[in-house]
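Residues 21 to 279, numbered by this note's numbering, are exactly what the sequence shown covers, in order.
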Amino acid sequence: MAAVYAGGITFLAVVTGLTAIVTFEWIRMCCPRRSPGTLLLAIATVALSGAVFAVWDAEIALVVGAGGAVTVGAVAKFERNSPLWTAAGVFIFILSMVSIIWLRAEEAIGLATVYWLFVVVWATDSGAYIFGKLIGGASLAPRISPKKTWAGAIGGLATGALMGVVLTLLLQAVGLLGSSVELLLIALASALLSLCSQVGDLAESGVKRYFGVKDSGSWLPGHGGALDRLDSLILVAPILAFAVLLAGGSATLLTWTGN
Numbered sequence: 021m022a023a024v025y026a027g028g029i030t031f032l033a034v035v036t037g038l039t040a041i042v043t044f045e046w047i048r049m050c051c052p053r054r055s056p057g058t059l060l061l062a063i064a065t066v067a068l069s070g071a072v073f074a075v076w077d078a079e080i081a082l083v084v085g086a087g088g089a090v091t092v093g094a095v096a097k098f099e100r101n102s103p104l105w106t107a108a109g110v111f112i113f114i115l116s117m118v119s120i121i122w123l124r125a126e127e128a129i130g131l132a133t134v135y136w137l138f139v140v141v142w143a144t145d146s147g148a149y150i151f152g153k154l155i156g157g158a159s160l161a162p163r164i165s166p167k168k169t170w171a172g173a174i175g176g177l178a179t180g181a182l183m184g185v186v187l188t189l190l191l192q193a194v195g196l197l198g199s200s201v202e203l204l205l206i207a208l209a210s211a212l213l214s215l216c217s218q219v220g221d222l223a224e225s226g227v228k229r230y231f232g233v234k235d236s237g238s239w240l241p242g243h244g245g246a247l248d249r250l251d252s253l254i255l256v257a258p259i260l261a262f263a264v265l266l267a268g269g270s271a272t273l274l275t276w277t278g279n
């Protein structure tokens, strides 16, 4: 959260570093055969995309990322691994990275927007875990992730929506958001983000099951890898960025104004 508050090059560097770790785990997971060229090129593509964003803008960073992802896929094929899985993962991670950095760079209320994004996603994860443990019940997707339940999914959705509203009130109290914010719309938007975050979580679980992997890594003992912790954000960030882009900026979306 300190990096989010700092913004600028600090936030860009932290997000780029985390994306590089996630990419490392992805290559290790979807490239079972030895793939040093694929791994090095994938990490370099992430780093270059972050640097391009810092110097130029998001659009050029995405073009560089797309070109790099295609090249990574070609190298993966040369090393007898799956070019489609490899390239798709690298591009999706770069898209998510660029989306988060772009959202934070918004002049109006980029700080509030990214705080809201993170809090809703993390509240959803926590709520799903707690309600799933307390209530149990029918499995949400037994073939993909048997431990996830409908009770957990609904509890996570409710928790994400609630915490989105609570955070909005806190941000209003400290002056980061104006009083014109529509709380009902915030609740609905938070619920939608919560739903998307759970889809992202399930998608990553499905990929791990496809490749026969329990955890994406072992960086965090008892919690798996960075991809296991950030899977929900990876899907949600581009969706939110696209919504903000269509609305003409964070300050317009949901009448979020800093006045």
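Idealized CB from N, CA, C, for every residue including glycine.
task = Could you spell out where the alpha helix (DSSP H) holding P258 opens and where it closes?
result = For the purposes of this step, residue 258 is taken as the residue at position 238 of the sequence shown. That run of the alpha helix (DSSP H) goes A246 to A267.
message = Quick check: what's the CA-CA separation for V84 versus A181?
response = For the purposes of this step, residue 84 is taken as residue 64 along the sequence shown, with counting starting at 1. For the purposes of this step, residue 181 is taken as residue 161 along the sequence shown, with counting starting at 1. Approximately 36 Å between the Cα atoms of the pair.
Buried versus exposed, by CB contacts within 10 Å (16 or more), L260 = Position 240 of the sequence shown holds residue 260. Flag for L260 reads buried.
Cβ pair count under 8 Å reaching 3, the segment 149 to 169 against the segment 102 to 112 = no
message = Can you check which of these residues, I114, W136, I129 and L213, is closest to V186 by C-alpha distance?
response = For the purposes of this step, residue 186 is taken as the residue at position 166 of the sequence shown. Nearest of I114, W136, I129 and L213 to V186, Cα basis: W136.
Element boundaries [beta strand (DSSP E), containing S165] = As a working mapping, residue 165 is identified with position 145 in the sequence shown. Taken as a continuous stretch (DSSP letters only), the beta strand (DSSP E) holding S165 covers S165 to T169.
task = Express the C-alpha separation of A125 and E224 in angstroms, rounding to a whole number.
result = For the purposes of this step, residue 224 is taken as the residue at position 204 of the sequence shown. For the purposes of this step, residue 125 is taken as the residue at position 105 of the sequence shown. The alpha-carbon atoms of E224 and A125 are separated by roughly 28 Å.
query = Using a Cβ-Cβ cut-off of 7 Å (strictly less than) and excluding sequence neighbours within five positions of A40, which residues of its own chain qualify?
reply = The count along the sequence shown starts at 1 and reaches residue 40 at position 20. Only I63, V66 and A67 meet the Cβ criterion.
query = Going by other Cβ atoms of all chains shown within 10 Å of its Cβ, with 16 needed for buried, is W76 buried or exposed?
reply = In the sequence shown, counting from the first residue as 1, residue 76 sits at position 56. Burial call: exposed.
query = Counting along the chain, where does the alpha helix (DSSP H) carrying A125 start and finish?
reply = Along the sequence shown, one-based indexing puts residue 125 at 105. Taken as a continuous stretch (DSSP letters only), A125 belongs to no alpha helix (DSSP H), as it is neither H nor E.
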